[in-house]
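Scroll down for the structure; my scribbles are underneath it.
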Amino acid sequence: MSSVELIGMISIIMAGATVGLGAPITAIGEGWAVSRSMAALAQQPDAAPVITRAMFIGVAMIESSAIYCFVVSMILIFANPFWNHFANLAGTQ
Amino acid sequence: MDITPDSIVYWRSGLFKVNATLAFTWLVMAILVVGSWLVTRRLRTDTSLSRGQNLLEIVVEGIQGQIRDITQQDPGRYLPFIGTLFLFIAVSNVLTLVPGFRPPTGSLSTTSALALCVFVAVPIYGIAAQGVRGYLKTYIRPSVFMLPMNILGELTRTIALAIRLFGNIMSGSMIAAILLAIAPLFFPILMNALGLLIGLIQAYIFSILALVFIASATRVHEEGRQAQARNAQEEKVDE
């Protein structure tokens, strides 16, 4: 198997694995955060604005780790630097 | 399929080029400026308000309320910066619905520029609130060993701000494009509706986080003053 094929194959596998591992783990954490804040909301409905705002900020912070995984996998698929390097080499030869 | 609107170049002259990101940033700026100019041309204080004035008042009051809730300070100081960030990001995210519009926030250049603005604004507000010495002291809090961690945190949270906004908006348009290729009939509309919600939430999150960072740089000073005020109040109650 040539090195170009190897790079393409590993890139695609890793792009899937990045989101496949990063998203569920983040989702578990986010689910915990939301379930805890829902419990807090049920106990203290008066504090709804504060709890909701804190939940949104926290969830967005947690979510960013899933977004990092997504960005990495999108770069691997659509703007892969190694793949582009070999494509340029093939183009110049 | 391209990952950012940076690669679409409309006009180029030497090193200088106008790509889709720049053009749509200017478009959003023009919409904001012309819109507010049209509305604030005829401001009225009696009971019959125009629709535009009502809208702008609700927006400004809402932002002021949020700032007051979070910082527990007078919102006037933070309103121009935070309000501009929120309005720019919100308008450019909502305009994704318009066909042919590429949101400038879906490009890493725009979001890095916005995050750099926050990165610069934090020390400016901090120094304005508690002086150079007072601001620099926040870096060695709680102890001097935390200095590298504090500096690292300052840098990473700027990068995180930029990539969070970019990733969310880019993923929205990317998922819509992928779904368009797989199931073009109905699902892209659903994803667009979700993208609208995510865009507004991200605008909110970005400005709230900027506000939290700025407030944390100005807080130490204010907390002392607040504690004094609270003690004074309690003494009054005791009397």
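Going down the list, the protein sequences come from chains A and B.
Here the first sequence is numbered in this note's numbering, starting from 1060 and rising by one per residue.
Here the second sequence is numbered in this note's numbering, starting from 3 and rising by one per residue.
Using N, Cα and C, we set each Cβ at its ideal position, and we do this for glycine too.
Using Cβ-Cβ distances below 8 Å, what residues of the segment 134-168 of chain B are close to chain A? Residues 162, 165, 166, 168.
Would you check if the segment 207-219 of chain B and the segment 112-129 of chain B touch, i.e. whether three or more CB-CB distances between them fall below 8 Å? Yes: at least three Cβ pairs fall under 8 Å.
Starting from residue 52(B), trace the alpha helix (DSSP H) in both directions and tell me its first and last residue. Stepping through the second sequence from its first residue, residue 52(B) is reached at position 50. Segment: none, residue 52(B) is in no alpha helix (DSSP H) and carries neither H nor E.
Counting pairs of Cβ atoms below 8 Å between the segment 1136-1147 of chain A and the segment 76-89 of chain B, do you hit three or more? Here the segment 1136-1147 of chain A does not lie against the segment 76-89 of chain B, with fewer than 3 beta-carbon pairs under 8 Å apart.
Between residue 95(B) and chain A, is the shortest Cβ-Cβ distance under 8 Å, so that the two count as touching? Here residue 95(B) corresponds to residue number 93 of the second sequence, with the count starting at 1. Output row for residue 95(B): interface = no.
For residue 72(B), collect the residues of the same chain with a Cβ closer than 8 Å to its Cβ; drop the 5 residues on either side in sequence, then sort them by chain order. One-based indexing of the second sequence puts residue 72(B) at position 70. So the qualifying residues of the chain are 210, 213, 214, 217.
If contacts are defined as beta-carbon pairs under 8 Å, then residue 190(B) and residue 108(B) qualify, I think. What distance do you get, rounded to the angstrom? Residue mapping note: residue 190(B) aligns to position 188 of the second sequence, counting from 1. Residue mapping note: residue 108(B) aligns to position 106 of the second sequence, counting from 1. With a Cβ gap of about 16 Å, residue 190(B) and residue 108(B) do not count as contacting.
Does any CB atom of chain A fall closer than 8 Å to the CB of residue 211(B)? Counting from one through the second sequence, the residue named residue 211(B) turns up at place 209. Chain A contact via Cβ: present.
Chain B contacts from the segment 1121-1152 of chain A (Cβ-Cβ distance under 8 Å): For the segment 1121-1152 of chain A, which is checked against every Cβ of chain B, the residues closer than 8 Å are 1122, 1123, 1126, 1127, 1129, 1130, 1133, 1134, 1137, 1138.
Name the DSSP beta bridge partners of residue 13(B), please? Position 11 of the second sequence, counted from the first residue, corresponds to residue 13(B). Looking at the DSSP assignment, residue 13(B) forms a beta bridge with 20(B).
Quick check: does the Cβ of residue 1146(A) come within less than 7 Å of any heavy atom belonging to the ligand NAP? With respect to the ligand NAP, the structure shown offers nothing to examine, as it has no ligands at all.
Can residue 1116(A) and residue 1088(A) be called in contact, C-beta distance under 8 Å? Along the first sequence, read from residue 1 onward, the residue named residue 1116(A) stands at position 57. Along the first sequence, read from residue 1 onward, the residue named residue 1088(A) stands at position 29. No, the Cβ-Cβ distance between residue 1116(A) and residue 1088(A) is not below 8 Å.
Status (buried if at least 16 other CB within 10 Å, exposed otherwise) for residue 1097(A): Translated into the one-based positions of the first sequence, residue 1097(A) becomes position 38. Residue 1097(A) should be labelled exposed.
Let me know the secondary structure DSSP gives residue 1104(A) once reduced to three states. Taking the first residue of the first sequence as position 1, residue 1104(A) is located at position 45. Helix.
I'd like to know if the segment 18-26 of chain B and the segment 1106-1113 of chain A are in contact, where contact means that at least 3 CB-CB pairs between them fall below 8 Å. A contact is defined here as three or more CB-CB pairs under 8 Å, and the segment 18-26 of chain B fails this definition with respect to the segment 1106-1113 of chain A.
Are at least three pairs of beta-carbons, each pair with one atom in the segment 93-111 of chain B and one in the segment 197-206 of chain B, less than 8 Å apart? Taking a cut-off of 8 Å for Cβ pairs, the segment 93-111 of chain B and the segment 197-206 of chain B touch, as three or more such pairs fall below it.
Does DSSP classify residue 43(B) as helix, strand or coil? For the purposes of this step, residue 43(B) is identified with residue 41 of the second sequence, where counting begins at 1. It is coil, neither helix nor strand.
If contacts are defined as beta-carbon pairs under 8 Å, then residue 165(B) and residue 1126(A) qualify, I think. What distance do you get, rounded to the angstrom? Numbered from its first residue, the second sequence carries residue 165(B) at position 163. Numbered from its first residue, the first sequence carries residue 1126(A) at position 67. Contact between residue 165(B) and residue 1126(A) holds: CB atoms are separated by about 7 Å, below the 8 Å threshold.
Three-state class that DSSP yields for residue 187(B) in the structure shown: Indexing the second sequence from 1 puts residue 187(B) at position 185. Here residue 187(B) carries a coil assignment [DSSP, helix/strand/coil].
Near residue 223(B), which residues of its chain fall below 7 Å by C-beta distance, leaving aside the five closest residues on each side in sequence? Reading the second sequence from its first residue, position 221 is the one you call residue 223(B). Residue placement at residue 223(B) cannot be trusted, given a pLDDT of 49 that sits under 50; the coordinates are not used to answer.
Chain A contacts from the segment 167-193 of chain B (Cβ-Cβ distance under 8 Å): For the segment 167-193 of chain B, which is checked against every Cβ of chain A, the residues closer than 8 Å are 168, 169, 170, 172, 173, 176.
Is residue 194(B) near residue 183(B), with beta carbons less than 8 Å apart? As a working mapping, residue 194(B) is identified with position 192 in the second sequence. As a working mapping, residue 183(B) is identified with position 181 in the second sequence. The answer is no: Cβ separation not under 8 Å.
For residue 145(B), name the three-state secondary structure that DSSP assigns. Position 143 of the second sequence, counting from 1, holds the residue named residue 145(B). Secondary structure at residue 145(B): coil, using DSSP grouped into helix, strand and coil.
Jot down the residue ranges of each uninterrupted alpha helix (DSSP H) in the segment 69-143 of chain B, minimum 4 residues, whole runs only, in chain order. You should have 81-96, 110-139.
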